[in-house]
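Heads up: the protein sequence lines correspond to chains A and B, in order. Note that my numbering has the first sequence beginning at 82, numbered continuously upward. Note that my numbering has the second sequence beginning at 1334, numbered continuously upward. Every residue, glycine too, gets a C-beta built ideally from N, C-alpha and C. Notes to accompany the following structure.
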Amino acid sequence: MLETLSDRLQQTLRFGTGKTLTLENMDDALKDVRRALLEADVSLRVVKEFIGRVREKAEGEAVLKSVNPGQQLVKVVHDELVHLLGETYAPLNLDEGSPNIIMMFGLQGSGKTTTSGKLARRLRKAGHNPLMIAADVYRPAAVDQLVALGKQLGIDTFSIAGSTDVQQIARQGLDKAKAEGFSHVIIDTAGRLQVDTDMMAELLLLERSFKPHEKLLVIDAMTGQEAIHVAEAFNTQLSVTGMVLTKLDGDARGGAALSVVSVTGKPIKLVGLSEKMDGLQDFHPDRLAGRILGMGDVVSLVEKAQSAIDEDEAKAIEAKMRKNEFSLEDFMKMQRMLKKLGSLDQILGMLPIPGLTKEMREMVAHGGEGQLKRIEAMINSMTPEERRQPDLIKKSRAQRIARGSGTKPEDVTQFLQMFEMMRAMMGGLTRASDQAKSGDQAGAEASMNKTMHSAMGQLMGKKGKKGKKNKMKGFPGMPGMPGMPGMPGFPSLPGGGKGGGFPFK
Amino acid sequence: MFKLFNRSDSPSPSSAPSATPAQACEKPNSETLADPSAGDSSGVKGAFSGLRAALRQTRNGLLGQLKTLTADASDKPLDAEALEAFEEALIRADFGVDLAVALAEQARQKGLSARQLKPFLREELMRVLGAVSQSSRFNELSYGDDRLNIYFVVGVNGAGKTTLIGKLAHRFVGHGKRVIIAAGDTFRAAAEEQLGVWAQRAGAELVQTQTNDAAAVVYDALRLAQDGGDVAGSVVIIDTAGRLQNKFNLMEELGKMKRIIDKEAPARHVYEALLVVDATTGQNALSQAKVFAQAVNLTGVALTKLDGSAKGGIAFHIAKAHQLPVKLVGVGEQIDDLKDFDAVAFIDGLLDEEAL
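Below, the structure written as structure tokens:
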């Protein structure tokens, strides 16, 4: 699996010259950005220009001083991508001619014929009356394919059996459209290489003769470095009016989109998302930007986190962790902050976790949220004193809390054990992170090991003791360790230091 | 002369599943069934001139920069700038960042001078394509004239499967072989008509279905091939609908077709599952190779649309990541625009700024 840019940037910046992005470590960070873009198939030339723009933005103080420069840089990159991809956004020109002429062209296998069918269907849904013209006279059965699609969709198709005269086909098709009152014609042309001068001349002739209102270059989302040459050549010769990015329902990152937009200055107008005829949609620059960076919708999560998390409060909580004073009250505060981000299901959905299906997500989230509700009920049944000093809670208090929260006393003790372990770990991790930041690598590792060790020890020890106790007192039916799926809703801490960290890696 | 190439008894570091037992059991008799135009006296450059011409653009891209680099005749190690230019040239040709960075890094560590760069690159690329450690047969399409030969052709939408099949059928028919094409693309509109045109041009038999059951077509084709009794040297080429590799159900369907092949093929047969990859594809080709390999036990890659300005760098990336040899190369839309992949010629074509 490809690493996401965020992961990589975090690694680069974590043990760099410090926790902030500086002019010194900027180069390393931008190298990560470059690599991410190249792996997404953005053409090198475009990557270079793009990195220049990102550097300019990042060198501004906004990024340098931000609390989590890695994430902040990702956001700069993302925003810049959206900006470039969407700046020239324009819908199809649909109401200029009578009929409107739409010409489709591109490399072989890019998806012109399928897209023609989809576009016709879309136009008809919008109340228009389209006619498809089958002008791919080279590929065997290409005309049959368009005619079959037309039949399937109930849309008229014009073709001349046996003719290889593209001009004549287009001319007669257009005449038919005019005579019969079609509002749009879609001319499906043969796939061709941009360096094939004869074939390019054929398109040029069509273009000169019929002055199409839309000249759509169809580009496969899986295209590699070559995309830039394809788009450049078609645009130079035919001055395209827009592009259709196809096969976006695959798992390609689709960086070619950035290449073609940036080299032509023309917008992507539509995207193909399925083999089915309804799989043609408007283009959403933000979605594609996130996809190119392989980051799910982390950016909106970052934005949400920024608005949802109170920085002062986060700082105060962190200070407490450092001193092992983190209480159940703080825990509740943290939970409340996280809740503002959305449901667990929503948060999981925004994270780029490979292979996480909707079903799995809902299952995890469902279990997690139930767990959280019970925990909240328990904490609400505690006295303020108990919340600050959970150690006070012994058997009778646990029984009271259980009664008040509709849980079992065992659940209460179990939660408290986990909380204690978590607190120990957080203190240790915060210290380890401090040491790492001050360059004390060995110290950081030692702290980390110690933390893990003591946390585990604590858990095991408590468990052992409890087991014994149970046995002695003869508690029957002690429900072992029921499903406590980690600590849901309590992701990694604002390790970044100054508070305002983000609740994900 | 070449023998049937068995992945299972090659020293290939392949991580892919091994060949079917039927294949591994014994060596069949064999004969050369290479590109029929190979014997043409098309001048010194011979059969590969088409590919050379096709690679011109790639070379201009790849070597345009290397040429200025290699013009420096001194023995100074390349400086950072030159190494970066080297890396970028490779990236531009779709070699992939990993491979490009690794090669540039090796060049830096070895302190290579500009003059040493080309020999170094040649050797490394040969290694990547398996042309050094493997026998030259690594890249040869298997064929046995004493048994049934089954070619299972898969790939994403628009990769060029049907065209490749037409060309492949033409080649075998040209050698006097019986060729049956199974029209397994039951999904795309008019796919069967397209294949029908190619079958007719090539002089091959076409097996179609009235239903949408792709596996049934495979069954019918294999039965037809064996009904006459003697299958020695016969060829069955199976077309499949294009599918994006993340479409689970469609990949399952391929698995089903593969199981029919395993069940219905005679005990001794040649099995080649070829992934058709458009040469303009970027890094997604790696994901394609990985997922299709899991579904159908791929034995090789056919790189299509390598004419014009196509790049070929992705071949190295696939070979490196998945140990999958490129076996065929499509260089045009004509029925004989199909070449055997020759790693040495391919690399020389990339690196040789003479010629043309």
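*Indicate the three-state DSSP secondary structure (helix, strand or coil) for Met185/A in the structure shown.*
strand
*In angstroms with no decimal places, state the Cα-to-Cα distance between Arg468/A and Asp1431/B.*
52 angstroms
*Nearest chain A C-beta to Arg1425/B closer than 9 angstroms, yes or no?*
Yes, its Cβ sits closer than 9 angstroms to a Cβ of chain A.
*What residues in its chain sit with their C-beta under 8 angstroms from that of Val128/A, if we drop five residues either side in the sequence?*
In chain order, Arg115, Leu118 and Leu119 place their CB closer than 8 angstroms to the CB of Val128/A, counting only its own chain and leaving out the 5 sequence neighbours on each side.
*Where Ser1567/B falls, given that 16 or more other Cβ within 10 Å makes a residue buried*: buried
_For His265/A, the first and last residue of its enclosing alpha helix (DSSP H)_ = DSSP places His265/A outside any alpha helix (DSSP H); the residue lies instead in the beta strand (DSSP E), whose first and last residues are His265 to Thr270.
*Taking only beta-carbon atoms, is Glu288/A less than 9 angstroms away from chain B?*
no
*Met280/A: first and last residue of the uninterrupted alpha helix (DSSP H) it sits in*: Thr278 to Phe291
*Among Pro1410/B, Asp1408/B and Ala1435/B, which has the Cα closest to the Cα of Phe1649/B?*
Ala1435/B
*What three-state label does DSSP hand Val1550/B in the structure shown?*
helix
*Kindly confirm or deny that the region 1472-1487 of chain B and the region 179-190 of chain A touch, where touching means at least three C-beta pairs closer than 8 angstroms.*
no
*From what residue to what residue does the beta strand (DSSP E) around Ala215/A run?*
Unbroken beta strand (DSSP E) run through Ala215/A: Pro211 to Ala216.
*Can you have a look at Glu1438/B and say buried or exposed, based on whether 16 or more other CB atoms are within 10 angstroms of its CB?*
Its Cβ having fewer than 16 others within 10 Å, Glu1438/B is exposed.
*With DSSP run on the structure shown, which of helix, strand or coil describes Phe239/A?*
strand
*Taking C-beta to C-beta, are Leu1608/B and Ala1626/B nearer than 9 angstroms?*
yes
*Any C-beta of chain A sitting closer than 9 angstroms to the C-beta of Ser1620/B?*
By the rule that beta-carbons nearer than 9 angstroms mark a contact, Ser1620/B touches chain A.
*Does any residue of chain A bring its CB to less than 9 angstroms from the CB of Ile1570/B?*
With 9 angstroms as the cut-off, Ile1570/B does not count as an interface residue toward chain A.
*At which residue ranges does the region 1443-1500 of chain B contain complete alpha helix (DSSP H) runs of 4 or more residues, listed in the order of the chain?*
1447-1461
*If we ignore side chains and look at the alpha-carbon of each, how far apart do Thr1544/B and Ala1574/B end up?*
14 angstroms
*From this set, Leu409/A, Arg205/A, Arg481/A and Glu307/A, which residue's C-alpha is nearest Met358/A's C-alpha?*
The option with the nearest alpha carbon to Met358/A is Arg205/A.
*Under 7 angstroms from the C-beta of Ala1523/B: neighbouring residues of chain A*: Within 7 angstroms Cβ-Cβ: Ala222, Asp225, Gln226 and Ala229.
*Using the beta-carbon of each residue, which ones in chain B are nearer than 9 angstroms to Arg587/A?*
An answer regarding residue 587/A cannot be provided, because it is not within the stretch 82 to 586 covered by chain A.
*Limits of the alpha helix (DSSP H) - the one that Leu1631/B falls within*: Bounds of any alpha helix (DSSP H) do not take in Leu1631/B, whose DSSP letter is neither H nor E.
*Kindly confirm or deny that the region 1521-1535 of chain B and the region 1586-1599 of chain B touch, where touching means at least three C-beta pairs closer than 8 angstroms.*
no
*In its own chain, which residues sit with a C-beta less than 6 angstroms from the C-beta of Lys489/A, not counting the 5 before and 5 after it?*
Ala483
*Quick one, are the C-beta atoms of Thr322/A and Asn174/A less than 9 angstroms apart?*
yes
*Rounded C-beta distance between Gln233/A and Ala1522/B? I'm assuming under 8 angstroms.*
7 angstroms
*Near-chain A residues of the region 1579-1613 of chain B - C-beta to any C-beta below 7 angstroms*: Asn1579, Asp1611 and Thr1613
*Interface residues of chain B around Ala333/A at Cβ under 7 angstroms?*
Neighbours of Ala333/A in chain B, taken as residues at a C-beta separation under 7 angstroms, are given in chain order as Asn1617.
*Could you give the DSSP three-state label for Gln226/A: helix, strand or coil?*
In the three-state DSSP reduction, Gln226/A falls in the helix class (H, G or I).
*asked:* Assuming Asp1572/B and Leu1636/B are in contact, meaning their beta carbons sit under 8 angstroms apart, how far apart are those beta carbons, in whole angstroms?
replied: Between Leu1636/B and Asp1572/B the Cβ distance is about 18 angstroms, and since that is not below 8 angstroms, they are no contact.
*Can you list the residues of chain A that Gly1493/B reaches, using a CB-CB cut of under 8 angstroms?*
Gln189 and Gly190
_Does Gln248/A come out as helix, strand or coil in the three-state DSSP assignment?_
Annotated three-state conformation of Gln248/A is helix, per DSSP.
*His294/A - DSSP class collapsed to helix/strand/coil*: coil
*How big is the Cα-Cα spacing for Leu369/A and Leu162/A?*
9 angstroms
*Beta-carbon separation of Ala338/A and Ile309/A under 9 angstroms?*
no
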